[in-house]
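A.B. asks: A single structure is presented below for examination.
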Amino acid sequence: MTQFKTLDDLPADLSGKVALVRVDLNLPMDGGSASDVTRVEAAKPTILELADKGAKVLLLAHYGRPKGQRHSTMSTSWVQGDVEEVIGREIMFIPEVTGPVVEQSIGILGDGDIGLLDNVRFWPGEEANDAEFAKAVAAHGDLYVNDAFSAAHRAHASTEGLAHLLPAYAGRAMEAELKALDAALGNPETPVAAVVGGAKVSSKLDVLTNLVGKVQHLIIGGGMANTFLAARGVDVGKSLCEHDLTDTANTIMDQADHAGCTIHLPYDVVVAREFAANPSSLRTCNVHEVGTDEMILDIGPQAVEALADVLKTCRTLVWNGPLGAFETVPFDEATVALAKTAAALTQDGSLVSVAGGGDTVAALAHAGVKDDFTFVSTAGGAFLEWMEGKNLPGVAALEQ
Ligand code: ADP
Ligand code: MG
2 MTQFKTLDDL PADLSGKVAL VRVDLNLPMD GGSASDVTRV EAAKPTILEL
52 ADKGAKVLLL AHYGRPKGQR HSTMSTSWVQ GDVEEVIGRE IMFIPEVTGP
102 VVEQSIGILG DGDIGLLDNV RFWPGEEAND AEFAKAVAAH GDLYVNDAFS
152 AAHRAHASTE GLAHLLPAYA GRAMEAELKA LDAALGNPET PVAAVVGGAK
202 VSSKLDVLTN LVGKVQHLII GGGMANTFLA ARGVDVGKSL CEHDLTDTAN
252 TIMDQADHAG CTIHLPYDVV VAREFAANPS SLRTCNVHEV GTDEMILDIG
302 PQAVEALADV LKTCRTLVWN GPLGAFETVP FDEATVALAK TAAALTQDGS
352 LVSVAGGGDT VAALAHAGVK DDFTFVSTAG GAFLEWMEGK NLPGVAALEQ
């Protein structure tokens, strides 16, 4: 892994120093307060560590998509209370990110105090990664800490520009995420298996193309398996299937062949004539027996058993996308069963398991195994771009 500085590289005493800390406070709201504070909990160790070293901690975050203008509904002041509650300390809200108000506020804050700057996306220079804007923000800090992996796929002033202007460090959550991702695809123990599921091939083309060159086993499930099955001449009936992408699927299978990557497609599937919970038309069959009026909604139990055997031979697993339409019973069964196998192997110490993706996190939580994986990323877009093999500008800037 390329090197980046962490909080371990900071002196023990940061009294008198101002730390600009990029965090993810883009919390889902329900009425006046956050419905999920996972993102604040993730940033808490970094915030407290810096504060306890005596730094004045200035939190820098975006909130919603204000597109370079002030919006009263998108001020970070809306999450101040939630952040205070999770962090367990008082936080001073500062309604700017540059200029005399910020300077005066820093004068009021004592060593170890925490301030919350307003939504950095109120200023067009943020998303434009404008050099003057970045300089004006950097002028208030002595050091920069990025603890928002979820925003690292954006080359914005607060995620990328600042890292070039101040001594830059990965926060604890960023550090954990980068270490986990490195263990999964950067420098993994082999053999590596990847599970890619979800609805569509089109949304994960770059993921598939990147993975065939990196993993020994590529397990394809979900709606996207239907497109691969169709490419192999299987009649998938009324299943969700991108028939215009069968050539692409064939190309990916050829690439896998050349790279020594085994692609695993299901040989049995769970089908129904209508998409509903426990439909009367539910049945399990071989992929060659799907009726013209049936839909494939999950992979079958034999396939799951075979995939469990594959995982048992692997040392590393990276997982994005559910194997079936898991929100509706019983089409969650394959996803739940394979997730439980992966969790058990992880707990036994034979598998490093890293998963990410909005629906994937929900599916693992549904299976009750979210805490039994080695690492579950909640980063969404940044996680997917990393799976695509892209260089994340926010990470690259820390590695300079
Ligand atoms: P993630 O958010 O983890 O990246 P995706 O958004 O790519 O995952 O895919 C999740 C969606 O795919 C779920 O809503 C699930 O219902 C759907 N899905 C999975 N398998 C099927 C299938 N066989 N037919 C239709 N939809 C499916
Ligand atoms: Mg999704």
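When we follow the working numbering, the leftmost residue of the sequence shown carries the number 2, and every step to the right adds one. Glycine included, every Cβ here is placed at the ideal spot set by N, Cα and C.
Note down the Cα distance separating THR191 from HIS218, rounded to an integer number of angstroms.
C.D. replies: Approximately 10 angstroms, taken between the alpha carbons.
A.B. asks: Check each candidate in ALA140, VAL19, HIS259, LYS136 and name the one with the smallest Cα separation from THR210.
C.D. replies: HIS259
A.B. asks: Look at TYR170 and LYS6 and say whether their C-beta atoms are less than 8 angstroms apart.
C.D. replies: yes
A.B. asks: Locate the beta strand (DSSP E) running through THR285, then write down its first and last residues.
C.D. replies: From DSSP, the beta strand (DSSP E) with THR285 extends over 284-287.
A.B. asks: Give the straight-line distance between the Cα atoms of ALA307 and SER282, rounded to the nearest whole angstrom.
C.D. replies: 26 angstroms
A.B. asks: In three-state DSSP terms, what is TRP79?
C.D. replies: helix
A.B. asks: Verify whether the separation of the beta carbon atoms of ILE95 and VAL87 is less than 8 angstroms.
C.D. replies: no
A.B. asks: Please determine whether the Cβ atom of ILE221 lies at a distance below 7 angstroms from any heavy atom of the ligand ADP.
C.D. replies: no
A.B. asks: Restricting to Cα atoms, I'd like to know which of LEU399, GLY390, LEU346 is closest to PHE374.
C.D. replies: LEU346
A.B. asks: Within the same chain, show all residues whose beta-carbon is closer than 8 angstroms to that of GLY100, passing over the 5 residues directly before and after it, in chain order.
C.D. replies: These residues qualify, in order along the chain: ALA137.
A.B. asks: Ends of the alpha helix (DSSP H) at GLY395?
C.D. replies: 394-400
A.B. asks: Is VAL319 closer than 8 angstroms to CYS262 when the C-beta atoms are compared?
C.D. replies: At least 8 angstroms separates the beta-carbon of CYS262 from that of VAL319.
A.B. asks: Following the continuous alpha helix (DSSP H) through HIS259, name the residue where it begins and the one where it ends.
C.D. replies: From DSSP, the alpha helix (DSSP H) with HIS259 extends over 247-260.
A.B. asks: Beta-carbon within less than 7 angstroms of ALA344's beta-carbon, same chain only, minus the 5 sequence neighbours each way: which residues are those?
C.D. replies: VAL370, ASP373, PHE374
A.B. asks: Taking the alpha carbon of CYS286 as the reference point, which residue from ALA232, GLU178, ILE300, ILE107 has its own alpha carbon closest?
C.D. replies: ILE300
A.B. asks: Whole angstroms are fine: how far does the CA of LYS205 sit from the CA of GLY198?
C.D. replies: 9 angstroms
A.B. asks: DSSP state of ALA356, grouped into three classes?
C.D. replies: strand
A.B. asks: Go to ARG1, then tell me how far its alpha helix (DSSP H) extends in each direction, as first and last residue.
C.D. replies: Residue 1 lies beyond the stretch modelled for the chain, which goes from 2 to 401, so this question has no answer here.
A.B. asks: What residue range does the beta strand (DSSP E) around VAL146 cover?
C.D. replies: 144-147
A.B. asks: Taking only three categories from DSSP, how would you classify SER204?
C.D. replies: helix
A.B. asks: Taking the alpha carbon of PRO46 as the reference point, which residue from ARG173, HIS154, GLU386 has its own alpha carbon closest?
C.D. replies: ARG173
A.B. asks: Start and end of the alpha helix (DSSP H) containing TRP387?
C.D. replies: Residues 382-388.
A.B. asks: For the beta strand (DSSP E) containing ALA57, name the first residue and the last one.
C.D. replies: Checking the displayed sequence, the identity of residue 57 turns out to be Lys instead of Ala. Its beta strand (DSSP E) spans residues 57-61.
A.B. asks: In chain order, which beta strand (DSSP E) runs of at least 3 residues are fully inside the segment 186-241?
C.D. replies: 193-197, 218-221
A.B. asks: So, is LYS54 buried or exposed, given that buried needs 16 or more other C-beta atoms within 10 angstroms?
C.D. replies: The residue is buried, with at least 16 neighbouring Cβ atoms inside 10 Å.
A.B. asks: Residues in its own chain within less than 8 angstroms of VAL353 by CB, not counting five upstream and five downstream?
C.D. replies: ALA184, ALA185, PRO189, GLU190, ARG316, THR317, LEU318, THR347, THR375
A.B. asks: Report yes if the C-beta of GLY358 is less than 7 angstroms from at least one heavy atom of the ligand MG; otherwise report no.
C.D. replies: yes
A.B. asks: Enumerate in chain order the residues of its own chain whose CB-to-CB distance from LEU246 is below 6 angstroms, with the five nearest sequence positions on each side excluded.
C.D. replies: VAL202, THR228
A.B. asks: Let me make sure I understand the geometry here. Which of ASP360, SER351, LYS18 has the alpha-carbon closest to that of GLY322?
C.D. replies: ASP360
A.B. asks: Under the three-state reduction of DSSP, which class applies to THR379: helix, strand or coil?
C.D. replies: coil
A.B. asks: Work out the CA separation of PHE150 and ALA56 for me, nearest whole Å.
C.D. replies: 22 angstroms
A.B. asks: Reducing DSSP to helix, strand and coil, say where GLY31 ends up.
C.D. replies: Rather than Gly, the amino acid found at residue 31 in this sequence is Asp. Correct three-state label for ASP31: strand.
A.B. asks: When the Cα atoms are used, what is the spatial distance from ALA1 to LEU312?
C.D. replies: Only positions 2 to 401 of the chain appear in the structure, and residue 1 is not among them; the question remains open.
A.B. asks: Let me know the secondary structure DSSP gives GLY126 once reduced to three states.
C.D. replies: Here DSSP, grouped into helix, strand and coil, assigns GLY126 to helix.
A.B. asks: Of the choices GLU97, GLY69, TYR64, HIS154, whose alpha-carbon is the least far from that of ALA129?
C.D. replies: Residue GLY69 is the option with its Cα nearest to ALA129.
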